[in-house]
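Trainee: Pasting a structure below so you can have a look.
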Amino acid sequence: MRAPLALALLAALALTACGKKSAGQKIYGPNCGICHHGGNGLPGEVPPLVGRLDLIAKTPEGRDYLARVMLNGLDGPIEANGGRYSFSMPSFRRLSDEQLSLILNWLISRGATHPAPQITPDVIAAARKEEIGSNRVHAMRQALSAKGQIP
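Structure follows, in structure tokens:
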């Protein structure tokens, strides 16, 4: 009698733990998840984020670039993981530095880089000081890609 009860309690705890979302994931869902589908993207439409952002965030330039994408948007065409994407990502400047940091760090933590690089709210705040537009963000991307820093 005790074994089935213990198993039922264990299963309930496991399901509860699985259902908990991080703060970054909660903010990501209604803002980014609409297009990026949980971070996996949509082939030919929207690039995947998981398994890429952790690699981009390894350098200060990469972290600055990611902050600027979130703040200024990005217009395609771009290449990511060998796929070509012609999309337009809007700016999320309306979100706070803390919220943008939480989103990026949640996505970065889902990659294979351990320890995962972190993007602090200070990085977002520094990038927020200058609104550069999506064309300059695209140019930043091309420069980082030429250095092999964009997968």
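Using mature numbering (1 follows the signal peptide of the UniProt record, and there is no 0), the letters of the sequence shown map in sequence onto residues -23 to -1, 1 to 128.
The beta carbon of each residue, even a glycine, is placed where N, CA and C say it ideally should be.
Being a predicted model, the structure only gives us computed values, none of them experimental.
#1: At the level of alpha carbons, what is the spacing between E108 and P92?
#2: Along the chain, where does the alpha helix (DSSP H) containing A102 start, and where does it finish?
#3: Nearest to L84 by CA position, among G15, P7, L19, is which residue?
#4: Does the beta-carbon distance from I101 to S78 come in below 7 Å?
#5: Tell me whether the region 57 to 67 and the region 19 to 35 touch, counting them as touching only if at least three CB pairs, one residue from each stretch, are closer than 8 Å.
#6: S65 to I4, Cα distance in whole Å?
Mentor: In short:
#1: 31 Å
#2: 98 to 105
#3: G15
#4: yes
#5: yes
#6: 20 Å
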